[in-house]
Each structure stands twice: as structure tokens, then as C-alpha cells.
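**Q** From first to last, the protein sequence lines stand for chains H and F.
Numbered per the working numbering, the first sequence spans residues 107 to 405.
Numbered per the working numbering, the second sequence spans residues 10 to 380.
We put the beta carbon where it would ideally sit given N, CA and C, even for glycine.
The structure presented is a predicted model; accordingly, all values stated were derived computationally and were not measured.
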Amino acid sequence: MNTPTLAVTDLSRRFGSGPTEVLAVRNVSLAVAPGEVVLIMGPSGSGKTTLLLMLGALLRPSGGEIRLDGEVLTNRPERELPAIRLRRFGFIFQDFNLLSALSAIENVALVGVMGGMSSKEAKARATDLLTQFGLLERLRFRPELLSGGEKQRVAIARALVNDPTFILADEPTANLDAKNGRELMRLLRSIAKEQGRSIVIVSHDERIRDIADRVLWLEDGSLKEMTALSVDPVCAMRVEQEKALISIWDGEPFTFCSKGCRDEFLQAPYRFFPDTAAGGRHAAALRDAVRMETAVGAV
Amino acid sequence: MFALARNNLFRSRMKALMAIGGVALAMMLVLSLDAILAGLENRIGAFVERAGADVWVAQSGVRNMHMASSAVPRGLVDQVRQVPGVAEATPIRYLTNVVRSGDQDYIATVIGLPVGATMGLPNALVPGGTMPKSGQVVIDGAVGKAGANVGDGVRILGSTFEISGRSEGLASSLSSLAFIPLSDLDRMLGNDRVVSYVLVRAAPGVSAESLSAAIETRVNGVTASTRTQFAGEERRVVRDMSTEIAVIMNLAGLLIGFAVMALSIYTATASRLPEYGVLKAVGASTRRLAGVVVTQAALTVVVGLVLGLIAAYATALIAPHLDPLFDLEITFASVVKVSLVSFAVAALAAIAPIIQIAGLDPAVVFRRRIA
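This is the structure we're talking about:
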């Protein structure tokens, strides 16, 4: 791996103290290479937002270290963080978060001006980015006149205007339809691969797995590689294979988060696979059995 | 950031109209009040300025007309005439009373003029009028405005006078003027031993200052003031009388302006707080965002002030047509004062929103719907 754009070591965050203390993120280590797209998934309450805020220099960790382009951020004084966020991070939000009083070009250029560009330079850069993203005809449109997909492309242009090396995206497809979601994913991937920017996406959207170089699972504040996890067919939770309960059905192994899920599965396994050949066979047998029981009952 | 401040202000036209309109209205009120007082001061001094006298001689210690009483023994008039440098001296007598026209009373300065007087005369007689003879009066101000015409009768101190003419440009909204023969005023007051003032014209080449000093030196028991001093004192009295009212009204106007501005800026900021949070999250410093709020407040003031000025000037232009006694004079000093106070008010109005922004945690923008 090249020198990572983002390197996180033993990152932790506690909230509260004493008996009410909560460890939202525990000893997370992560390295994101230039041009790499990393997807972080996890159930609600797993610590995704806390991790996201720390990665974005919006929340100080209780322990551990974050390096951006080799430079330690976690020891920088609070007053220096806004400038770092402005010039070296790009943020993409779930709700687009465009300023309603400004047009598309003004939304993008404003962040450029804040980053030190002259108004003219910022407008030229904003025009260039928005044109690349197919929004040339929408430069003067206010957010209310843009579709969800267009808003998110404006938001991406805003994230890129100061040429950051690292982009942090929070549920970027959550408010987009399938078509716009796919387009956005393609766009993010091309930004990573063609421009060498590192992207960390926090999302529940399974579709994003298609463009991610790596998928990480965050649960109880800890990160796990998705490749080492499998899905419980009953509750759909992702479970570590090493610690999971395993049963064989129809010649295949299945993993379970708990004994309850395994027992429920084993009572009627075909219910969980209606579309497979084995599941279909068993479902047909079950329907026949039910019809027979119903007929007997009627007699 | 200027674009953001501008667009935040004008994004909702109705809100912008209310904020700027409120500020403009408050500024117009303050400017108009100042203009009314300035106009009144001018009007109050108009008779003194236009009486034609270089020096006003009054009872010792008296330096103005308004709210003052002066009694100069008539024998001193000749002493004044004999002071070197005096070209001409005209005694006048005056008192403040009411002029009754029909069933209406009008506060008026009644001025008694000697026969053949060349100073202290009515300013500009409306065509068709003549100087008053015994039993006649020339009126200036509200009486004439109320519809009294040449040939009509008015009552002054219980006697009836026939209007022989009307003049313009001397009365104020506070008081009218009525010019009658000195002998009639003496008769009504029951004596001819005193006059109120001696109006003195200086000989060519003699300055008013040196002449007034010479009169005070040579004539005992009088105070001599140059026209400029006398008119200045006249205005000062009005100013002193109206200062408290002016301060209260100015404060009221500015408080209205402050309230409107503070409320509009506060609500404009509060309604966009999540957006300020986004800007903080992407890296805007609190100082920069405070600049947006201050710029927005300053814009509100500048536009409000310009509109307020236009409205005040329009009022000043229209008012004399509606009421000739009503003069509004917008002074440069008043505009500067109102502008400075307005910007101070804008700065104050921006404090609460800035505190709000300073306390805003940028982390809250994650997963919060805005646009």
C-alpha cells in the first residue's frame, strides 16, 4: 500500500464518565490509501457518526491518533481545525446541506473563497466542477429548483472545490432514487480512481459495496473487515465466522448470531430461501402438506 | 461572504421588506423630528433675521424675544439714536397673546410698529395688502392660513382690528405674528412709557459688534446684541425647550429601529442556523460567520437609511405645501448623527446572533435535513 492519505491508530471516544460512561468507538485502526474507496457499514448505534465526526476533525477523540497525509491532526489546537477541514477535507452530507439563499455556483464558490481563492478564481473553479458534473445549465439555480441528484452533485463539487485529498461522505445516496444513487456512486468512484482522492463513505446502502475497494463493518464501536463476516439468514445481522454458531442445511453451512436464530432456522429452513431450488422444493412440499391438513380438517 | 449576507437578507422579499422598511421608518422618524426642530429654529429666528436691524437693544439682561419680556424706557430711544455709528433706530413693542378670528384663538406675537417704521416690518405683503393704520393689523401665519382675509375683523386684547394685509415667511408652527400700530398697542396696554426693543441700523462702515458695544457703553440699563447674536439666542431658547422632547423622540425612533433590526437579524440567523452549522463543519471560522451577520446588519442599515433619507426628504418637500408654517430642514449633522447611531444599533443587533453562531456545534449538521 502507498503512504496512506488517512491513517487512524487506536482511535477511541468515550462519552460520560463513571457508571454512565459509554465507549462509542473503541481502538479503531484504519488506513486509507490514495484513490481508495472505503465503505463503513454498521447497525444504528454502532458508533458510525462518532467515528465520522472524529475522522472529519469535528470531534476530538478520547484516545488514539489520526494522521492526514502523514500529519498528526489529533494534537492540533482547536482553532486550527476549521482551516484544515476547509482545505484538506471534502464533506458530502446525506441531506446535501446546500445553502438555500445561494445558487449552485455560489454554493460551490463560497467554500473556495473561504479557502483563500479570489472571488473570480472561485467562480471559475466552481463553473469548471459543475460543468464536469453536467450542471452547466444549472449554475444559477437555487437548491430548491434542483433535483436530489443535482443537489448531491453540487455538494460533491463543493467538497472538491479546495482540492482536498480526503473526502468524507455521510450516507450520500440516502436521499437519492436508484438511478441517481448509481450515478453518484459512479461519480465517487471516478473521483477516487482518476483524481487519486481517498474516500470514506459511511452508509447503510448495500449498493455502495459495488464501488468500494474495502467494506468495513462497525459494531459496538469496533471495526471488522466484511470479508470475515457472514450474514445470519434469520435476523440478517453480520456475525464473525469464528464466533458464530454454524449449522449445515442442504449441504451448505449457515452461520447464526445466537442459538435462538439457529433453532428458528432449523425448524423451517426453506422459509428463508424461497427463491433457491432447495427452498422452492421445500416450500412446495410445505404447501402440499398444508393443503392436505386443511382437507383432512374439512372432512 | 458578501453574497451570502446579501442573499440571506433578500432571499425572502417579504422579510427583507419588513426589516428594511422598519429600519427606514425609524430612520425617517428620527430624521424628520430633527428636521422639524431645525425648521422650527429657522422660523423662530426669521423675524429677527429679516427685521433689517444690525443691533437689537433690549432691557438689561434680555438677549432674545421668545419667552422673554423686555421693557426699555422710551426716553432711552433718543439716547440710542445719538450713539455714534447709529444710522437709524426704530422702537417696537411686543407681547405674546392670542388673536381671535371667528371663534378660533391663535397664539401670536403682537408687534406694535411706530408710524413710518423702516425696520421690524412684515416680511412680504401679499399683493392687495397695505401697512396697518390705526385699527388695522397685518397678519402672518396661522390666522391667515385659517381663511381670514383682508377686510375681515380679528380681536386682539379685546379690541377689534381690520386685516389690512397678510405677510408670509415669518410665523412658525408655534406662533403667528400680528403687526399693529404702536399707538394702538400702547393704548391697549395702558401706557406709552416703554418699548420692548430698539432696532438699530448701523451707519455704513460701522460693524454691528462695535456698535452694540458702544450702545452698551453709552446707554445705561440696556443690553445690545448683534442680529446674529440675538437670532442665535432665539434659536437656543427653542432648542433648549425642545431638547428633552427631541431626545425622547429620537430614542423612541432609534429603539424602534433597533428592535426591528435586532428581531429581523436574529430571526434571519436563527432560521438559517443549520446552514451556519454546515459552513462551520466545512471549515468556516466563527469570525467569518460573524462577518456575514454584521454585513447583513450593515446592509439592512444602509438600505434602510437610504430609504429613510429619501422618505424624510420627500416629507420635507411635501410638508410646506400641506402647511406653509411647517418647515422641515434636514441638516448634514442630523444625517451624520442618524447614520452613526444606526450603525451602532446594527452592531448591537448583531451581537445575539453572533453569540448563537459561536455556540453552534458543527457536528450537529450530520444527518440533519436542510436543503
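Just verifying my parser: in three-state terms, what is the DSSP assignment at K289 (chain F)?
**A** Position 280 of the second sequence, counted from the first residue, corresponds to residue 289 (chain F). Helix, per DSSP.
**Q** Per DSSP, which residues does A187 (chain F) bridge with? Please list them.
**A** Within the second sequence, the letter at position 178 stands for residue 187 (chain F). A187 (chain F) is bridged by DSSP to F:V119 and F:I148.
**Q** Could you spell out where the beta strand (DSSP E) holding Y206 (chain F) opens and where it closes?
**A** The residue labelled residue 206 (chain F) in the question sits at position 197 within the second sequence. Run containing Y206 (chain F): Y206 to A211, per the beta strand (DSSP E) assignment.
**Q** Please classify A130 (chain H): does DSSP put it in a helix, a strand, or coil?
**A** The residue you call residue 130 (chain H) lines up with position 24 of the first sequence. In the structure shown, A130 (chain H) falls within a strand segment according to DSSP collapsed to helix, strand and coil.
**Q** At the 8 Å Cβ level, is R191 (chain H) part of the contact set with chain F, yes or no?
**A** One-based indexing of the first sequence puts residue 191 (chain H) at position 85. Yes, R191 (chain H) counts as interfacial toward chain F.
**Q** Would you list, in sequence order, the uninterrupted alpha helix (DSSP H) runs of no fewer than 4 residues that lie entirely inside the stretch 259-319 of chain H?
**A** 284-301
**Q** Go through its chain and collect everything with a Cβ distance to G300 (chain F)'s Cβ below 7 Å, but skip five positions before and after it.
**A** Taking the second sequence and counting its residues from 1, the one referred to as residue 300 (chain F) is at position 291. Correct list, in chain order: M10.
**Q** Since M147 (chain H) meets chain F, which of its residues come closer than 8 Å, beta carbon to beta carbon?
**A** Start at 1 with the first residue of the first sequence, and residue 147 (chain H) comes out as number 41. At a C-beta separation below 8 Å, M147 (chain H) has no neighbours in chain F, since its nearest C-beta there lies roughly 15 Å away.
**Q** Determine which residues of the stretch 35-46 of chain F have a Cβ less than 8 Å from any Cβ of chain H, and write them out in chain order.
**A** Per Cβ criterion, the list is empty.
**Q** Does the Cβ-Cβ distance between V147 (chain F) and L134 (chain F) come in under 8 Å?
**A** Numbered from 1 along the second sequence, position 138 holds the residue referred to as residue 147 (chain F). Numbered from 1 along the second sequence, position 125 holds the residue referred to as residue 134 (chain F). Yes.
**Q** Our contact map puts R244 (chain F) next to I53 (chain F) with C-beta atoms below 8 Å; I'd like the distance itself, whole angstroms only.
**A** By one-based count along the second sequence, residue 244 (chain F) stands at place 235. By one-based count along the second sequence, residue 53 (chain F) stands at place 44. With a Cβ gap of about 6 Å, R244 (chain F) and I53 (chain F) count as contacting.
**Q** Tell me the DSSP secondary structure of N106 (chain F) in three-state form.
**A** Looking up residue 106 (chain F) in the second sequence gives position 97. Note: N106 (chain F) maps to strand in three-state DSSP.
**Q** Tell whether a beta-carbon distance below 8 Å holds between V260 (chain H) and L236 (chain H).
**A** As a working mapping, residue 260 (chain H) is identified with position 154 in the first sequence. As a working mapping, residue 236 (chain H) is identified with position 130 in the first sequence. Between V260 (chain H) and L236 (chain H), the gap from beta carbon to beta carbon is short of 8 Å.
**Q** Using a Cβ cut-off of 8 Å (strictly closer), state whether P188 (chain H) contacts chain F.
**A** Along the first sequence, one-based indexing puts residue 188 (chain H) at 82. Contact with chain F is found for P188 (chain H), since one of that chain's Cβ atoms lies less than 8 Å from the residue's Cβ.
**Q** Should T155 (chain H) be flagged as near chain F, meaning a C-beta pair shorter than 8 Å?
**A** As a working note, residue 155 (chain H) is residue 49 in the first sequence. Yes, T155 (chain H) counts as interfacial toward chain F.
**Q** In three-state DSSP terms, what is Q88 (chain F)?
**A** The sequence position of residue 88 (chain F) within the second sequence is 79, counting from 1. Helix.
**Q** In the DSSP assignment, what are the bridge partners of S234 (chain F)?
**A** Against the second sequence, residue 234 (chain F) aligns to sequence position 225. Beta-bridge pairing links S234 (chain F) to F:W65.
**Q** So, using beta-carbon positions, are L13 (chain F) and L216 (chain H) closer together than 8 Å?
**A** On the second sequence, residue 13 (chain F) is found 4 positions in, with the first residue counted as 1. On the first sequence, residue 216 (chain H) is found 110 positions in, with the first residue counted as 1. Yes, the pair counts as a contact, with Cβ atoms nearer than the cut-off.
**Q** Compare the Cα-Cα distances from D63 (chain F) to each of F:V215, F:G286, F:G144 and F:T118 and report the closest residue.
**A** Stepping through the second sequence from its first residue, residue 63 (chain F) is reached at position 54. Minimum Cα distance to D63 (chain F) is reached at F:V215.
**Q** Three or more C-beta pairs closer than 8 Å, one from the stretch 302-318 of chain H and one from the stretch 137-144 of chain H: is that the case here?
**A** The stretch 302-318 of chain H, when compared against the stretch 137-144 of chain H, does touch it at the 8 Å Cβ threshold.
**Q** How long is the line joining the alpha carbons of L298 (chain F) and V178 (chain H), rounded to whole angstroms?
**A** On the second sequence, position 289 is the one that residue 298 (chain F) refers to. On the first sequence, position 72 is the one that residue 178 (chain H) refers to. Whole-angstrom Cα-Cα distance: 27 Å.
**Q** Please tell me whether L179 (chain F) and R59 (chain F) are closer than 8 Å, where the distance is taken between their beta carbons.
**A** Here residue 179 (chain F) refers to the residue found at position 170 of the second sequence. Here residue 59 (chain F) refers to the residue found at position 50 of the second sequence. Yes, the pair counts as a contact, with Cβ atoms nearer than the cut-off.
**Q** Can you tell me whether DSSP reads E50 (chain F) as helix, strand or coil?
**A** The count along the second sequence starts at 1 and reaches residue 50 (chain F) at position 41. Reduced to three states, the DSSP call for E50 (chain F) is helix.
**Q** Determine, using beta carbons only, whether D356 (chain H) comes closer than 8 Å to chain F.
**A** Taking the first sequence and counting its residues from 1, one reaches residue 356 (chain H) at position 250. No - not a single Cβ of chain F is within 8 Å of the one on D356 (chain H).
**Q** How is K330 (chain H) classed by DSSP in three states: helix, strand or coil?
**A** Along the first sequence, read from residue 1 onward, the residue named residue 330 (chain H) stands at position 224. Of the three classes helix, strand and coil, the one that applies to K330 (chain H) here is strand, per DSSP.
**Q** Are G218 (chain H) and A232 (chain H) close, meaning C-beta to C-beta below 8 Å?
**A** Position 112 of the first sequence, counting from 1, holds the residue named residue 218 (chain H). Position 126 of the first sequence, counting from 1, holds the residue named residue 232 (chain H). Against a cut-off of 8 Å, the Cβ pair of A232 (chain H) and G218 (chain H) comes out as a contact.
**Q** Measure the C-alpha to C-alpha separation of G35 (chain F) and I254 (chain F) and round it to an integer number of angstroms.
**A** Here residue 35 (chain F) corresponds to residue number 26 of the second sequence, with the count starting at 1. Here residue 254 (chain F) corresponds to residue number 245 of the second sequence, with the count starting at 1. Looking at the sequence itself, residue 35 (chain F) is Ala, so the reference to Gly does not match. For A35 (chain F) and I254 (chain F), the distance between alpha carbons rounds to 16 Å.
**Q** Alpha carbons only, please: which of F:A222, F:N200 and F:G30 is nearest the one belonging to L316 (chain F)?
**A** By one-based count along the second sequence, residue 316 (chain F) stands at place 307. Considering only alpha carbons, the answer is F:G30.
**Q** Taking Y322 (chain F) as the reference, give the member of F:A307, F:V303, F:S343 and F:V302 with the closest Cα.
**A** Here residue 322 (chain F) refers to the residue found at position 313 of the second sequence. Nearest option by C-alpha distance: F:S343.
**Q** How long is the line joining the alpha carbons of M258 (chain F) and F239 (chain F), rounded to whole angstroms?
**A** Numbered from 1 along the second sequence, position 249 holds the residue referred to as residue 258 (chain F). Numbered from 1 along the second sequence, position 230 holds the residue referred to as residue 239 (chain F). So the alpha carbons of these two residues sit roughly 28 Å apart.
**Q** Quick one: does S309 (chain H) have its CB under 8 Å from some CB of chain F?
**A** As a working note, residue 309 (chain H) is residue 203 in the first sequence. No, its Cβ sits nowhere closer than 8 Å to a Cβ of chain F.
**Q** Could one say the Cβ of L208 (chain H) lies closer than 8 Å to chain F's Cβ atoms, at least one of them?
**A** For this step, residue 208 (chain H) is matched to residue 102 along the first sequence. Chain F contact via Cβ: present.
**Q** Using a Cβ-Cβ distance under 8 Å, would A25 (chain F) count as near chain H?
**A** Your numbering for residue 25 (chain F) matches position 16 in the second sequence. Not an interface residue.
**Q** Going straight from the alpha carbon of E171 (chain H) to that of R193 (chain H), what length do you get?
**A** The count along the first sequence starts at 1 and reaches residue 171 (chain H) at position 65. The count along the first sequence starts at 1 and reaches residue 193 (chain H) at position 87. Taking the straight line joining both Cα atoms gives about 20 Å.
**Q** Residues of chain F with CB under 9 Å from E325 (chain H), in chain order?
**A** Along the first sequence, read from residue 1 onward, the residue named residue 325 (chain H) stands at position 219. Per Cβ cutoff of 9 Å: no residues; E325 (chain H) is ~19 Å from chain F at best.
**Q** I need the straight-line Cα distance from A404 (chain H) to S309 (chain H), nearest angstrom please.
**A** Numbered from its first residue, the first sequence carries residue 404 (chain H) at position 298. Numbered from its first residue, the first sequence carries residue 309 (chain H) at position 203. In this prediction, A404 (chain H) scores a pLDDT of 34, lower than 50, which makes its location untrustworthy; the coordinate-derived value is nonetheless stated afterwards. Cα-Cα distance, rounded: 52 Å.
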